[in-house]
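Numbering (this note's numbering), first residue to last: 56 to 768. Virtual Cβ for every residue (Gly too), placed ideally from N, Cα, C. Encoded as structure tokens, the structure appears first; notes follow it.
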């Protein structure tokens, strides 16, 4: 059965209990496989069996549960912006009516103590400003559940209607012996709760600052050649194949290829590399990077949601909207929390015979902080990681990274620059030019960094490459190709041995080059040994420092490579890596990961090539260098845009800090209720103070999460 996914924008949730109710309701629909409702982001991600359930049925179910839902559009405005305005407007009205009641509590203003004045001031707050609480409570109870709205409606209604009853009794006895009234309690409670919600909405909105910054990088317009003239059009109207003119200092609008011009491009927004990158005809350029000085003509190749920047934004949004496994703790608690609190409030009322105490219990126990504890930290942590060029594909990966105790590193393009240079050509056939023509043609079909180096070195020698008839990559061994009717094998000793090619006379030269740290590839043409080519790759400047920092984090490091043992050992010794596995095939890299996992280790695999993909997929956390292939990036859980091993240290650090932050939030949210409820029950906390404390608890959780955005990495 074909699987599908959709994201619904949900409005009307007031606490984690609402999110839990929606998850349970959608999960009961036939065909729905998984549901993830993010209370902070106000979205529901649903995976379902296509054709077994319609999206319209999901929306209808959410509506039945008392909330509003619609399919989230890619360019949909952030609903939290409207939420901030909504709470602000309600707050202004509520504060205008509640402020006189607050003044009456702290000063002897006789007119404000008049019960009729208090009734007139409290009623609009209770039934106009507080209407959403009643609507939410009704919908929750109708669906046999309870949420924050139920607690607020119960608490404020008890205070308000008791006061109305007291007013009636006062009139009945002719204005004598007036009982104590609580109009100010209900009105001030509603005002404080809305004040807290306003602060909360503003603070939660700040957790999406990373997304806003990424979106802000996009160009708004593009200059496109239409006929014989250049016209400026909105970026959304650019289509694949358009020829764009990019002036010096302008942002490159979309991903494309240079058709004309020479310039340098600032790609620091993507790679973190401060030095501009030279660009000429045929080179690729990335949207949102900045053209430094030359005039470029570019053909659009990826536009809209297919650009690299758009994909980065999508990954960050999905990570921020996902749910970490640790959130199950708060979800389970939230599911039973409200009914338990109502029971405690009733017991408090029966034992103490104090309405104030019962109201205080209801109000202080609102589970808003509990619902915000995990998602706000995930949003802030993944956003801060994105700013550092680290893309977690989900909250579960952000959580799992902190448990990593073993890292398996590929060599080429991961530890080394992945930009090797052709250093030696040893030819055993009559024509060296013919040898290079065949080798260069065969290698041009490969994506491996070593192949790119060979082709570039041969072309720089002025050799015109031959025509390739067929090509086959042999991951971990080399390549096989038919070039102008001749069979060409290029690769390891084992590749030639398996194909019965004798190369005994080249052993001494081969070992001499390898002892210099060079990678050597043997060449056979039509089944006979024809020579060799050697390339040298340099270790990245940051690799040594990164590996030292990983050891300081008590992480065991393994290097696995398809290169030979001599070259691998030379590099490992230079970096201080004790565990080295050389001449590894893709399936052998996979088995190394499985072997380490069988020892009880939490393993991260770091690589950048197609031959790393199986191991990346098997590891507890697969980390792809952003400078690598699309296949490696697709299967990985974490992508390092800057292709720098120091980013691994940063990824582990932000994961550990995020988990620490989540635990802090959960502890304080639970401790707050554990301490606050008994204090309220014995009468040491006035209802309006309970309301203020409840509001501050939610805001404090969000502010604690926001500390992650200021983390130095």
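Residue interval of the alpha helix (DSSP H) (run including residue 607): Translated into positions along the chain shown, residue 607 becomes position 552. Note, residue 607: alpha helix (DSSP H), 598-607.
Residue closest to residue 245, alpha-carbon to alpha-carbon, out of 76, 223, 147: Residue 245 sits at position 190 when you count from the first residue of the chain shown. Residue 147 is the option with its Cα nearest to residue 245.
Excluding five sequence neighbours on each side, which residues of the same chain lie with their C-beta closer than 8 Å to the C-beta of residue 546? Locating residue 546 in the chain shown gives position 491, counting from the first residue. So the qualifying residues of the chain are 529, 532, 533, 534, 576, 577.
Segment contact flag, the segment 413-427 with the segment 357-368, C-beta cutoff 8 Å, min 3 pairs: no
Grab the span of the alpha helix (DSSP H) containing residue 488 for me, first residue to last. The count along the chain shown starts at 1 and reaches residue 488 at position 433. Note, residue 488: alpha helix (DSSP H), 487-498.
The alpha helix (DSSP H) enclosing residue 237, as first and last residue numbers: To locate residue 237, count along the chain shown from 1; it is residue 182. First-last for residue 237: undefined, no H or E at that position.
Could you tell me if residue 223 is buried or exposed, where buried requires 16 or more neighbouring beta carbons within 10 angstroms of its beta carbon? As a first step, residue 223 is located in the chain shown; it is residue number 168 there, counting from the start. By the neighbour-count rule (16 or more Cβ atoms within 10 Å), residue 223 is not buried but exposed.
Can you look up residue 696 in the DSSP assignment and give me helix, strand or coil? Here residue 696 refers to the residue found at position 641 when the chain shown is read from its first residue. Note: residue 696 maps to coil in three-state DSSP.
Contact defined as beta carbons within less than 8 Å: I believe residue 295 pairs with residue 358. What is the distance between those atoms, to the nearest angstrom? Counting from 1 along the chain shown, the entry for residue 295 is found at position 240. Counting from 1 along the chain shown, the entry for residue 358 is found at position 303. Indeed they touch by this definition, with Cβ atoms about 6 Å apart.
Going by alpha carbons, who is nearest to residue 292 out of 77, 279, 614? By one-based count along the chain shown, residue 292 stands at place 237. The residue from 77, 279, 614 with its alpha-carbon nearest to that of residue 292 is 279.
For residue 338, which three-state DSSP category applies? The count along the chain shown starts at 1 and reaches residue 338 at position 283. Coil at residue 338, not helix or strand.
Over what stretch of residues does the alpha helix (DSSP H) that includes residue 354 continue unbroken? On the chain shown, residue 354 is found 299 positions in, with the first residue counted as 1. Element bounds for residue 354: not the alpha helix (DSSP H) but the beta strand (DSSP E), 351-357.
DSSP bridge partner residues for residue 545 (one or two, in chain order): Within the chain shown, residue 545 is the residue found at index 490, counting from 1. The partner list for residue 545 (beta bridge, DSSP) reads 534, 578.
Please state whether DSSP places residue 108 in a helix, a strand or coil. Start at 1 with the first residue of the chain shown, and residue 108 comes out as number 53. Coil.
Near residue 648, what residues of its chain come up, given a Cβ to Cβ distance below 7 Å and the 5 sequence neighbours on each side ignored? On the chain shown, position 593 is the one that residue 648 refers to. So the qualifying residues of the chain are 463, 658, 660, 670, 673, 674.
Return the Cβ separation of residue 355 and residue 309 in integer angstroms, given the expectation that the two are a contact with Cβ distance under 8 Å. Taking the chain shown and counting its residues from 1, the one referred to as residue 355 is at position 300. Taking the chain shown and counting its residues from 1, the one referred to as residue 309 is at position 254. The Cβ separation is near 5 Å, so the contact holds.
From residue 720 to residue 189, what distance separates their C-alpha atoms? Here residue 720 is taken as the residue at index 665 of the chain shown, counted from 1. Here residue 189 is taken as the residue at index 134 of the chain shown, counted from 1. Their Cα atoms are separated by approximately 29 Å.
Less than 9 Å between the beta carbons of residue 75 and residue 92, yes or no? Counting from 1 along the chain shown, the entry for residue 75 is found at position 20. Counting from 1 along the chain shown, the entry for residue 92 is found at position 37. In contact: residue 75 and residue 92 (Cβ atoms closer than 9 Å).
Helix, strand or coil at residue 426 according to DSSP, with G and I counted as helix: Position 371 of the chain shown, counted from the start, is the residue given in the question as residue 426. Residue 426: helix per DSSP, three-state reduction.
On a CA-only basis, which of 208, 226, 274, 128 is nearest residue 248? Give me that one, please. Position 193 of the chain shown holds residue 248. When only C-alpha atoms are compared, the closest one is 208.
Measure from the alpha carbon of residue 771 to the alpha carbon of each residue in 60, 199, 476, then state which is nearest. Limits of the chain in this structure are 56 at one end and 768 at the other, which puts residue 771 out of reach.
Rounded distance between the beta-carbons of residue 160 and residue 239, thought under 8 Å: Here residue 239 is taken as the residue at index 184 of the chain shown, counted from 1. Here residue 160 is taken as the residue at index 105 of the chain shown, counted from 1. Indeed, because the Cβ distance is near 6 Å, the residues count as touching under 8 Å.
Tell me which residue opens and which closes the beta strand (DSSP E) that residue 478 is part of. Looking up residue 478 in the chain shown gives position 423. Looking at the DSSP string, the run of the beta strand (DSSP E) that includes residue 478 is 476-482.
Whole angstroms is fine: what's the gap from residue 311's alpha carbon to residue 342's? As a working note, residue 311 is residue 256 in the chain shown. As a working note, residue 342 is residue 287 in the chain shown. Distance between the alpha carbons of residue 311 and residue 342: 8 Å.
Which value, in whole angstroms, describes the spacing of the CA atoms of residue 635 and residue 454? Residue mapping note: residue 635 aligns to position 580 of the chain shown, counting from 1. Residue mapping note: residue 454 aligns to position 399 of the chain shown, counting from 1. So the two alpha carbons sit approximately 28 Å from each other.
Note down, one range per segment and in chain order, each beta strand (DSSP E) of at least 3 residues found wholly within the segment 79-158. 87-93, 98-104, 123-126
For residue 529, the three-state DSSP class (helix, strand or coil): For this step, residue 529 is matched to residue 474 along the chain shown. It is a strand residue.
Coil, strand or helix - residue 384 by DSSP: One-based indexing of the chain shown puts residue 384 at position 329. Residue 384: helix per DSSP, three-state reduction.
Look at the Cβ atom of residue 544, then the Cβ atom of residue 580, and state whether they are nearer than 9 Å. Looking up residue 544 in the chain shown gives position 489. Looking up residue 580 in the chain shown gives position 525. Yes.
Where DSSP assigns a beta bridge to residue 287, which residues make up the other side? Residue mapping note: residue 287 aligns to position 232 of the chain shown, counting from 1. Partner(s): 278.
Quick one: Cα of residue 684 to Cα of residue 596, how far? Residue 684 sits at position 629 when you count from the first residue of the chain shown. Residue 596 sits at position 541 when you count from the first residue of the chain shown. Since pLDDT at residue 684 reaches only 46, below the 50 mark, its modelled position is unreliable, and the value read off the structure follows with that caveat. The alpha-carbon atoms of residue 684 and residue 596 are separated by roughly 22 Å.
Contact defined as beta carbons within less than 8 Å: I believe residue 215 pairs with residue 181. What is the distance between those atoms, to the nearest angstrom? As a first step, residue 215 is located in the chain shown; it is residue number 160 there, counting from the start. As a first step, residue 181 is located in the chain shown; it is residue number 126 there, counting from the start. So it is a contact: roughly 5 Å between Cβ atoms.
Measure the alpha-carbon distance for residue 749 versus residue 706 and round it to whole angstroms. Walking along the chain shown from the start, residue 749 turns up at place 694. Walking along the chain shown from the start, residue 706 turns up at place 651. So the alpha carbons of these two residues sit roughly 34 Å apart.
Note the first and the last residue of the continuous alpha helix (DSSP H) segment covering residue 778. Residue 778 is absent from the model: the chain starts at 56 and stops at 768.
Report yes if the C-beta distance between residue 680 and residue 655 is below 9 Å; otherwise report no. As a first step, residue 680 is located in the chain shown; it is residue number 625 there, counting from the start. As a first step, residue 655 is located in the chain shown; it is residue number 600 there, counting from the start. No; because the gap between Cβ atoms is not below 9 Å, this pair is not in contact.
Keeping to the same chain, check which residues put their C-beta closer than 6 Å to that of residue 218; ignore five residues upstream and five downstream. Taking the chain shown and counting its residues from 1, one reaches residue 218 at position 163. So the list reads 236, 237, 238, once near-sequence residues are dropped.
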